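Here is the structure we will look at.
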Amino acid sequence: MKIARTVDLTYANAPGPHLAVWFQGCRLRCPGCINKQFQGYGHEYPHTHTVRQLLGNEVGEAANLARRGVVLTGGEPLDQSTTELLELCRGIKRAGLGLTIYTGWTRAEIAADRWLCRLFALADLMICGPYQQDNEEPCQPLCGSGNQELLLLSGFYGYAELLKMPAGEILISADGSITTGTGL
Ligand code: SF4
Numbered sequence: 002m003k004i005a006r007t008v009d010l011t012y013a014n015a016p017g018p019h020l021a022v023w024f025q026g027c028r029l030r031c032p033g034c035i036n037k038q039f040q041g042y043g044h045e046y047p048h049t050h051t052v053r054q055l056l057g058n059e060v061g062e063a064a065n066l067a068r069r070g071v072v073l074t075g076g077e078p079l080d081q082s083t084t085e086l087l088e089l090c091r092g093i094k095r096a097g098l099g100l101t102i103y104t105g106w107t108r109a110e111i112a113a114d115r116w117l118c119r120l121f122a123l124a125d126l127m128i129c130g131p132y133q134q135d136n137e138e139p140c141q142p143l144c145g146s147g148n149q150e151l152l153l154l155s156g157f158y159g160y161a162e163l164l165k166m167p168a169g170e171i172l173i174s175a176d177g178s179i180t181t182g183t184g185l
């Protein structure tokens, strides 16, 4: 899987302490995307991980550190190998962690795919739909534009706690400051 970066502790992408994984590559190229550097599939981002590596390292550590869950975002998680993505999601749930997925695919597009529709049974929370910069007023928490849909797919997270989440956060990494926010 092509990984742009991981952050082992974020509070702004799902409720509570989470590991976040930003995938590299997104076919949608939404105007106004704030993660343009994660759109390309080129060789400038050579961080490839196998599912086994991700589960054994980042996800395993998140479970050991009592993180509440894992956030998959990007870039576009659904542009990765479907087999690997489903395997990763199953591993996250086997580890007892919550699973949040941000995707530019709409709910209808995911439902129409015989394999990706399985994400609805694995994820606890999904934010679906492409970012629309001329439709900027989000109707629901975690969404970046008004067309996006928030799906609470299990009882793992509650709607009320989504409303209490920070709108953004600043994370300081070894190589400088990184800003991360919601609705990506
Ligand atoms: S789906 Fe997300 S990552 Fe992809 S171009 Fe749109 S805003 Fe950017």
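Numbering-wise, the sequence shown is residues 2 to 185 according to my numbering.
We put the CB at the ideal spot given by N, CA and C, even for glycine.
The model shown is predicted, which means the values in this text are computed figures rather than measured ones.
Residue i burial status per 10 Å Cβ neighbour count (16 or more: buried)
i: residue 95; result: exposed
i: residue 3; result: buried
i: residue 134; result: exposed
i: residue 165; result: exposed
i: residue 84; result: exposed
i: residue 106; result: buried
i: residue 146; result: buried
i: residue 184; result: Note that residue 184 has pLDDT 43, beneath the 50 cutoff, so the model's placement of it is unreliable and the number below is only indicative. Looking at its Cβ environment, which holds 16 or more other Cβ atoms inside 10 Å, residue 184 is buried.
i: residue 10; result: exposed
i: residue 48; result: exposed
i: residue 28; result: exposed
i: residue 171; result: exposed
beta-carbon residue i near the ligand SF4 non-hydrogen atom, thresh 8 Å
i: residue 42; result: no
i: residue 29; result: yes
i: residue 105; result: yes
Start and end residues, alpha helix (DSSP H) containing residue i
i: residue 52; result: 52 to 55
i: residue 93; result: 83 to 95
i: residue 61; result: 61 to 65
Contact belief for residue i with residue j at Cβ below 8 Å, rounded distance in angstroms
i: residue 101; j: residue 77; result: Rounded, the Cβ-Cβ distance is 15 Å, inconsistent with contact.
i: residue 125; j: residue 158; result: 6 Å
i: residue 117; j: residue 79; result: 6 Å
i: residue 75; j: residue 23; result: 6 Å
Enclosing beta strand (DSSP E) for residue i [first to last residue]
i: residue 123; result: Where residue 123 is concerned, there is no enclosing beta strand (DSSP E), although the alpha helix (DSSP H) it sits in stretches over 120 to 123.
i: residue 103; result: 99 to 104
i: residue 73; result: 70 to 74
*Decide if the region 52 to 62 is in contact with the region 147 to 160; the criterion is three or more beta carbon pairs, one per stretch, under 8 Å apart.*
They do not touch, by the three-pair rule.
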